[in-house]
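In my numbering, the protein residues as written are 393 to 630. Beta carbons: idealized from backbone N, C-alpha and C, even for Gly.
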Amino acid sequence: QTIAFNLPNDERVREVKGSKKVLLKNVMRAKYDGILTPIAGRVLPAGSADEISFEAFYQFTLHHELSHGIGPGKITIDGRDTEVRLELKDLYSAFEEAKADVLGVYDIYALVKRGVMAPGILDSLPWTYTAGMFRTTRFGVAEAHGLGMVLQANYLLEKGAVVLTEDGRFRPVPEIFEETFRSLAHELLMIQAAGDYDGAVAFVERYGTVHPQMAVAIEGLEDLPVDIDPTYPLEGLR
393 QTIAFNLPND ERVREVKGSK KVLLKNVMRA KYDGILTPIA GRVLPAGSAD EISFEAFYQF
453 TLHHELSHGI GPGKITIDGR DTEVRLELKD LYSAFEEAKA DVLGVYDIYA LVKRGVMAPG
513 ILDSLPWTYT AGMFRTTRFG VAEAHGLGMV LQANYLLEKG AVVLTEDGRF RPVPEIFEET
573 FRSLAHELLM IQAAGDYDGA VAFVERYGTV HPQMAVAIEG LEDLPVDIDP TYPLEGLR
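Put into structure tokens, the structure is as follows:
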């Protein structure tokens, strides 16, 4: 069950008419309460689950959707007009979802710096994002959101923006979150801007396998739902 969407994907339509962003806040709340909150209690350091917030989850989702409209769409390669989605082929969706996640986080830091958003959001954003890595990765690397998140998680672990504790928990390092997300945004955006399929393949080969400790943590979430299945009471009135 999706929590938000930004459509259409067709660059011809987006160029002329733009795109529409829709956020399902009640679905977000259900996933936050029933999935993300219990995940946080198991993957974040003991006593840290209270660091996450629904506001950070909501803002991250909002800026993820906004970020789908940011970055390369139509590009030119060796004088040939084309689109990022055509050049990145089977990897396009995963890179687009990763880009939207990464820019979504970076956008929030940028807006706080400009005084558009209150700085308090940054207290919970790194923790909420870190718990969210596991919520999304559980969809699996065969799914675009899942693979996109695995790319991010491994990059953050490599750069030290998320670290493993001695007891196998995952802790964000807020002090370098903004810098690391800026760096990762550059990597993803340059691959898109160049339509660099070989670069995308190399990036997936380096970062596209679930980290062993992350896999162990995910095994410990098996009793928690991966998704929700909404019921519609009015459906029975037909």
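**Asked** Since Lys632 sits in a beta bridge, which residues does DSSP pair it with?
**Response** The requested residue 632 is not part of the displayed model; the chain covers only 393 to 630.
**Request:** Taking only runs that begin and end inside the segment 561-600, name each unbroken alpha helix (DSSP H) of 4 or more residues, in chain order.
**Result:** 569-586, 589-599
**Request:** Can you tell me which of Ile610, Ala448, Asp470, Gln584 puts its alpha carbon nearest to the alpha carbon of Gly538?
**Result:** Ile610
**Request:** Mind checking which residues open and close the beta strand (DSSP E) that includes Leu556?
**Result:** 554-556
**Request:** Report the option in Glu597, Phe449, Lys412, Val408 whose CA atom is closest to the CA atom of Leu428.
**Result:** Phe449
**Prompt:** Less than 8 Å separating the beta-carbons of Lys481 and Tyr589?
**Reply:** yes
**Prompt:** Of all the options Met420, Phe487, Gly512, Lys417, which has the alpha carbon lying nearest to the alpha carbon of Ala534?
**Reply:** Phe487
**Prompt:** Given Ser575, which residues of its chain have a CB within under 8 Å of its CB, disregarding the five upstream and five downstream residues?
**Reply:** Lys551
**Item:** Pick from Thr394, Ala438, Leu549 that is closest to Asp559, judged by C-alpha positions
**Value:** Ala438
**Asked** To which residues does DSSP link Thr468 through a beta bridge?
**Response** Asp473
**Request:** Would you check if the distance between the CB atom of Ala577 and the CB atom of Leu495 is smaller than 8 Å?
**Result:** yes
**Request:** With a 10 Å radius around its C-beta and 16 neighbouring C-beta atoms as the bar for buried, classify Ala490 as buried or exposed.
**Result:** buried
**Asked** What do you get for Gln393, buried or exposed, if any count of 16 or more other CB atoms within 10 angstroms of its CB means buried?
**Response** exposed
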